[in-house]
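Everything on this sheet refers to the single structure shown next.
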Amino acid sequence: MTKLALYPGTFDPITLGHLDVVRRTLGIFDSVVVGIAQNMGKTTTFSVEERLAMVQGSLAELGLEPSARAEVFSGLTVEFAAKLGATSIIRGIRAIGDFETEFQMTLMNRNLRHRIETVFLMPSEQYSYVSSSLVKEISALGGNVSNLVTACVLRALDTKLSRG
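Heads up: the sequence shown begins at 1 in our numbering, then just goes up one per residue.
Dropping the structure here:
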């Protein structure tokens, strides 16, 4: 039986920290779906179509396809995981603040779908401080983020933030 995991997030944009978690997930699971959330209440810099293109481009750029693929979803993450047939939801943890938030969500997901486990993975140390919002801020101010994102994301940042 193939073990599938769901790695959900906004990915606005996807960073090398996120992709490090995807790579680590593939060390445990046969395949992973990077689920791009269409958050009704969250404002994003990039449209869902742009985020999907960046995730797909990044997965291809790093040679993570076909074991990793991207899909857009809306609604409850745990219900999307069940629909996919995923056995686990992957969450990246950078700091203790992340854990507190994720712990609550894990308990709620377990209440909704007790057979779907949440697995917490830490990124490599070199990415432990990286966040999408920090990448966007540095990029908007003219800083170099080429060591934090893939080439396709860098191009999208340059275009969206009128730097290129």
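Glycine included, C-beta positions come from ideal geometry on N, C-alpha and C.
Quiz item: Does any C-beta atom of chain D lie closer than 9 Å to the C-beta of Glu50?
Solution: The structure shown contains no chain D; it holds only a single protein chain.
Self-check item: Beta carbon of Ile36 nearer than 9 Å to that of Thr10
Solution: For the purposes of this step, residue 36 is taken as residue 36 along the sequence shown, with counting starting at 1. For the purposes of this step, residue 10 is taken as residue 10 along the sequence shown, with counting starting at 1. In contact: Ile36 and Thr10 (Cβ atoms closer than 9 Å).
Practice problem: Pull up the CB-CB distance for Ile138 and Val130, whole angstroms please, since I reckon it's below 8 Å. | Solution: Within the sequence shown, residue 138 is the residue found at index 138, counting from 1. Within the sequence shown, residue 130 is the residue found at index 130, counting from 1. About 10 Å; that fails the 8 Å criterion.
Quiz prompt | Reduced DSSP category for Thr118 - H, G, I as helix; E, B as strand; rest coil | solution = As a working mapping, residue 118 is identified with position 118 in the sequence shown. Thr118: strand per DSSP, three-state reduction.
Quiz item: So Tyr127 and Asp20 are in contact, right, with Cβ under 8 Å, and what is the actual spacing, rounded?
Solution: Along the sequence shown, one-based indexing puts residue 127 at 127. Along the sequence shown, one-based indexing puts residue 20 at 20. At roughly 5 Å, the Cβ-Cβ gap stays under 8 Å, so Tyr127 and Asp20 are in contact.
Quiz item: Helix, strand or coil: how does DSSP classify Leu154 here?
Solution: Locating residue 154 in the sequence shown gives position 154, counting from the first residue. Helix.
Self-check item: Host alpha helix (DSSP H) of Ile93 (start-end)
Solution: The residue labelled residue 93 in the question sits at position 93 within the sequence shown. That residue, Ile93, is in no alpha helix (DSSP H); it is neither H nor E in DSSP.
Quiz prompt | 7 Å CB neighbourhood of Arg24 in its chain, flanking five on each side removed | solution = Counting from one through the sequence shown, the residue named residue 24 turns up at place 24. Cβ neighbours of Arg24 beyond the five flanking positions: Leu121.
Quiz item: In angstroms, rounded to a whole number, what distance separates the CA positions of Val149 and Leu16?
Solution: Against the sequence shown, residue 149 aligns to sequence position 149. Against the sequence shown, residue 16 aligns to sequence position 16. The straight-line gap from Cα to Cα measures roughly 5 Å.
Quiz item: Assuming Glu102 contacts Ile90 under a Cβ cut-off of 8 Å, what Cβ separation, rounded to an integer in Å, is found between them?
Solution: As a first step, residue 102 must be located in the sequence shown, where it is residue number 102. As a first step, residue 90 must be located in the sequence shown, where it is residue number 90. Incorrect: roughly 11 Å between the Cβ atoms, too far for contact.
Quiz item: According to DSSP, is Val33 helix, strand or coil?
Solution: Working through the sequence shown from its first residue, we reach residue 33 at position 33. Strand at Val33.
Quiz item: Is it true that the CB of Leu84 sits closer than 9 Å to the CB of Leu4?
Solution: Position 4 of the sequence shown, counted from the first residue, corresponds to residue 4. Position 84 of the sequence shown, counted from the first residue, corresponds to residue 84. The answer is yes: Cβ separation under 9 Å.
Quiz item: Which residues in the same chain have their Cβ closer than 6 Å to the Cβ of Glu117, if we skip the five residues on either side of it in sequence?
Solution: Stepping through the sequence shown from its first residue, residue 117 is reached at position 117. Cβ neighbours of Glu117 beyond the five flanking positions: Ser88.
Practice problem: Please confirm whether Met54 and Ile14 have their CB atoms less than 9 Å apart. | Solution: Translated into positions along the sequence shown, residue 54 becomes position 54. Translated into positions along the sequence shown, residue 14 becomes position 14. Contact flag set, yes.
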